[in-house]
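Undergrad: Structure below; questions to follow.
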Amino acid sequence: MVSSQVGYQRTLCDHRPCLTPRASVDLNDYQALALQTDVRPQRELEDTVVHLLGLAGEAGSVAAEYKKHLRDGKAHGAWRERMAEELGDVLWYLAAIADRLDLRLADIAAANLAKTRARWIPGFPAPFDESFPENERLPRSGVYEFRAVPETEVSRPSVDLFFNGLKVGDRLTDASDSPDGYRFHDVFHLAFATFLGWSPLTRALLGRKRRSDRIVDENQDGGRAVVLEEGISALAFAYGAEHGLLDGVEHVDQSLIGAIDSASANVEVADRTGADWERAILAGFKVFRELLAHDGGFVAFDADAGQLEFMSEKPVTSD
Numbered sequence: 077m078v079s080s081q082v083g084y085q086r087t088l089c090d091h092r093p094c095l096t097p098r099a100s101v102d103l104n105d106y107q108a109l110a111l112q113t114d115v116r117p118q119r120e121l122e123d124t125v126v127h128l129l130g131l132a133g134e135a136g137s138v139a140a141e142y143k144k145h146l147r148d149g150k151a152h153g154a155w156r157e158r159m160a161e162e163l164g165d166v167l168w169y170l171a172a173i174a175d176r177l178d179l180r181l182a183d184i185a186a187a188n189l190a191k192t193r194a195r196w197i198p199g200f201p202a203p204f205d206e207s208f209p210e211n212e213r214l215p216r217s218g219v220y221e222f223r224a225v226p227e228t229e230v231s232r233p234s235v236d237l238f239f240n241g242l243k244v245g246d247r248l249t250d251a252s253d254s255p256d257g258y259r260f261h262d263v264f265h266l267a268f269a270t271f272l273g274w275s276p277l278t279r280a281l282l283g284r285k286r287r288s289d290r291i292v293d294e295n296q297d298g299g300r301a302v303v304l305e306e307g308i309s310a311l312a313f314a315y316g317a318e319h320g321l322l323d324g325v326e327h328v329d330q331s332l333i334g335a336i337d338s339a340s341a342n343v344e345v346a347d348r349t350g351a352d353w354e355r356a357i358l359a360g361f362k363v364f365r366e367l368l369a370h371d372g373g374f375v376a377f378d379a380d381a382g383q384l385e386f387m388s389e390k391p392v393t394s395d
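Basically my numbering = 1-based index in the sequence shown + 76.
As structure tokens, this is what we get:
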């Protein structure tokens, strides 16, 4: 027995409807048609609550149906059709609830795709400084050296930073009563510069501030931006310290990404996604662990290739 339906054929499978794909259905069209079967079309609070409870109930039915599949295995032969039916019921309630909130399913779906892609798929966006003179751009490749200072010269573990052989910045210690390797934290600024194209601190250290544009120099490369970056670096470091320096970790918590997004909302790096930040943080910690284990070393980076690599010895170059 087959009856014509919008977007699919409805047949009987084991005395229950089963769905055979026939054509795609526009989400907004589905929403409009689904509402024609709503026996509580009113928009009173009680009606909305009924639909919310219905959604919760159908979500439970989805889980229950899958539980039967796990329990019964091949004996539950129609489980896909039944899962499709239960998921369809969930979709119906979503459509009804969205209508009561004056929302369209297609808009919700598009926004959700944008959100999830931004969180889980990193990109390779154009550098913020590509339109500026060469001497005002962050370097796209090079080698940093984190050189441990001999114990005979200092009273506590210290590190000097070199870029392409030239010393940059001040000598760093852990600046803590508990040694934790924070003296190597500049690798996070390098990771930000490599994967985000953003690091006001690196610009300051290398003399790459965008002074040709007074507003950009002040708002994006100035002291406030440097303090912001240091704060984000400290936040990421504290998070990593609580999670084994992210050894073996593939993703960071959304709470960390959310905090970074909020803190950086008013500077250019707000254009970068959660996935971009996650990649930079994980890459930074990967190299940080090596620097800590070797008490220093070399870090080669290539922003165009999206690479950040630890080397125990200075890499050989062609020049």
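Every residue, glycine too, gets a C-beta built ideally from N, C-alpha and C. Computed from a predicted model, the values in this text were never measured in an experiment.
(1) Checking 8 Å against the spacing of the C-beta atoms, do F238 and E221 come in under that value?
(2) Roughly how many whole angstroms lie between the Cα atoms of Y315 and R116?
(3) By the three-class DSSP mapping on this structure, what secondary structure does S309 have?
(4) Going by Cα to Cα distance, which pick from A269, S288, V392, R287 is closest to F377?
(5) Kindly indicate the opening and closing residues of the beta strand (DSSP E) around L358.
(6) Pick from V302, V392, N295, D380: whose alpha carbon is nearest that of P34?
(7) Between which two residues does the beta strand (DSSP E) holding V292 run?
(8) Have a look at A187 and A171 and give me their C-alpha separation to the nearest angstrom.
(9) Is the CB-CB distance between G273 and P203 below 8 Å?
(10) Tell me L237's beta-bridge partners as DSSP assigns them.
(11) Going by the CB atoms, is the gap between E354 and F386 shorter than 8 Å?
(12) What is the rounded straight-line gap between the Cα of Q85 and the Cα of D183?
(13) Between the alpha carbons of S340 and A310, how many angstroms are there, rounded?
(14) Output needed for D256: all residues of its chain with C-beta closer than 7 Å, excluding positions within five of it in sequence on either side, in chain order.
(15) With H, G and I counted as helix, E and B as strand and the rest as coil, what does DSSP make of T113?
(16) Which class does V328 belong to by DSSP, given the choice of helix, strand or coil?
(17) I need the boundaries of the alpha helix (DSSP H) containing L163, first residue and last residue.
(18) Spatial neighbours of V302 within its chain, please: C-beta separation below 8 Å, excluding the five flanking residues on both sides.
(19) Over what stretch of residues does the beta strand (DSSP E) that includes V375 continue unbroken?
(20) Which whole-angstrom value describes the C-beta separation of A174 and L163, a residue pair presumed to lie in contact below a C-beta threshold of 8 Å?
(21) For S388 and L189, what's the separation of their Cα atoms in angstroms?
(22) What would DSSP say about K390, mapped onto helix, strand or coil?
(23) Given this structure, state the Cα-to-Cα distance separating V292 from R216, to the nearest angstrom.
(24) So V244 and L282 are in contact, right, with Cβ under 8 Å, and what is the actual spacing, rounded?
TA: The short version:
(1) yes
(2) 48 Å
(3) helix
(4) A269
(5) Unbroken run through L358 is the alpha helix (DSSP H), 350-370; no beta strand (DSSP E).
(6) This structure cannot speak to residue 34, because the chain is shown only from 77 to 395.
(7) That residue, V292, is in no beta strand (DSSP E); its alpha helix (DSSP H) goes 290-295.
(8) 15 Å
(9) yes
(10) F222, V244
(11) no
(12) For Q85, the predicted structure reports a pLDDT of 37, less than 50, and the residue's modelled location is therefore unreliable. A value from the coordinates is still provided. Distance between the alpha carbons of Q85 and D183: 26 Å.
(13) 14 Å
(14) D250, A317
(15) coil
(16) coil
(17) 155-176
(18) P276, L277, A280
(19) 373-378
(20) With 8 Å as the limit, A174 and L163 do not qualify as a contact, their Cβ atoms being about 16 Å apart.
(21) 42 Å
(22) coil
(23) One C-alpha to the other measures close to 20 Å.
(24) 6 Å
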